[in-house]
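J.:
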Ligand SMILES: C[S@@+](CC[C@H](N)C(=O)[O-])C[C@H]1O[C@@H](n2cnc3c(N)ncnc32)[C@H](O)[C@@H]1O
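This is the structure:
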């Protein structure tokens with residue numbers, strides 16, 4: 035039984051971080067004309083209303099996309115991401131927030147393909163409806179871990195796999211690192227982007243250790259925090275671990291974080307980490 039609904043959290047600071055990184059990776063992968071495969075293991079509903087009861091209950095988007103909306107002084111990567119959010123909203127008001135599949139579809143070209151996995155019985159039909167006219171997209175009502183393993187290596191030999199579970203089950207922390215390793219064994223040159231929440235710092239430390247000891251090379255971590263005080267209960271930070279990050283990604287993320295992180299932290303100071311977990 036899946037109880038997590040992304041509609042409660044859409045557009046929060048963790049989504050901004052995740053979608054910024056996804057958009058930059060796809061911007062780099064699409065610089066060459068050769069086709070690209072995008073695989074989203076946990077796709078969600080695809081797009082979210084910010085005036086819905088769910089988003090209204092938490093108001094999380096206010097300390098996320100709400101901090102960027104309407105600004106015209108953003109660094110290049112953040113501005114490009116913001117323009118996509120604006121495109122999803124007709125007019126001046128921020129009413130919708132796009133999910134990862136929406137951003138990916140917008141970034142990709144006719145020669146590219148998308149595989150989107152979602153298991154929630156209410157979110158899957160929404161996802162399917164949103165993309166039913168797009169022949170590049172295949173929606174799978176299947177476990178994203180299993181499906182992504184079956185799809186790798188892709189025919190295109192160039193791919194981004196986004197792994198974005200809800201971490202409803204604590205074992206997910208251990209499962210995700212092993213899963214990226216399994217994908218990497220099948221396809222070592224793929225780009226793998228894993229999102230994680232920072233609730234209990236020891237779980238993130240264990241996740242980092244799993245990647246450091248995995249034998250995989252070229253691994254970066256990008257994390258934004260709301261505070262330096264982690265009480266182990268609510269989410270106080272979030273990050274992305276990227277295997278095989280495109281060249282320049284780290285610099286683009288740094289420029290984006292210098293602008294974005296102070297806007298969402300409790301002190302107004304930037305609280306973030308950019309770490310090379312494993313080098314070349
Ligand atoms: C964090 S949300 C995804 C958000 C989406 N990637 C985005 O950025 O817009 C996680 C989603 O995974 C779905 N889910 C949970 N377990 C899954 C599984 N084993 N396979 C596929 N989807 C799953 C949940 O229903 C939920 O919609």
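In the numbering used here, the protein residues as written are 35 to 314. Each residue gets a CB set at the ideal place from its N, CA and C atoms; glycine is no exception.
Which residue wins for smallest C-alpha separation from residue 75, given the options 290, 213 and 310?
T.: Comparing Cα positions, the closest option is 213.
J.: Using CA coordinates, which residue listed in 128, 157, 85 and 114 is at the minimum distance from residue 135?
T.: Of 128, 157, 85 and 114, the residue nearest in Cα terms is 157.
J.: Taking residue 323 and residue 142 to be in contact with their CB atoms under 8 Å, please state how far apart those CB atoms are, rounded to whole angstroms.
T.: One cannot answer for residue 323 here, as it falls past the ends of the chain, which runs 35 to 314.
J.: Buried or exposed for residue 277, going by 16 or more other Cβ atoms inside 10 Å?
T.: Buried, by the Cβ-count rule.
J.: Find the nearest neighbour of residue 133 within the set 199, 108 and 40, judged by alpha-carbon distance.
T.: Ranking 199, 108 and 40 by Cα distance to residue 133 puts 40 first.
J.: Quick check on residue 269: does DSSP put it in helix, strand or coil?
T.: Coil.
J.: Is residue 165 near ligand 1, going by C-beta to nearest heavy atom under 7 Å?
T.: No, the Cβ of residue 165 stays beyond 7 Å of every heavy atom of ligand 1.
J.: Could you give the distance in angstroms between the alpha-carbon of residue 262 and the alpha-carbon of residue 167?
T.: Approximately 45 Å between the Cα atoms of the pair.
J.: Decide if the region 86-94 is in contact with the region 169-182; the criterion is three or more beta carbon pairs, one per stretch, under 8 Å apart.
T.: The answer is no - the region 169-182 does not touch the region 86-94, with fewer than three Cβ pairs under 8 Å.
J.: Would you check if the region 177-186 and the region 145-156 touch, i.e. whether three or more CB-CB distances between them fall below 8 Å?
T.: Touching, yes.
J.: Can you determine whether any heavy atom of ligand 1 sits closer than 7 Å to the C-beta of residue 77, and answer yes or no?
T.: True, at least one ligand heavy atom lies under 7 Å from that Cβ.
J.: Find the nearest neighbour of residue 58 within the set 208, 252 and 285, judged by alpha-carbon distance.
T.: Out of 208, 252 and 285, 285 has the C-alpha closest to the C-alpha of residue 58.
J.: Considering Cα atoms alone, identify which of 110, 268 and 304 is closest to residue 235.
T.: Per the Cα distances, 268.
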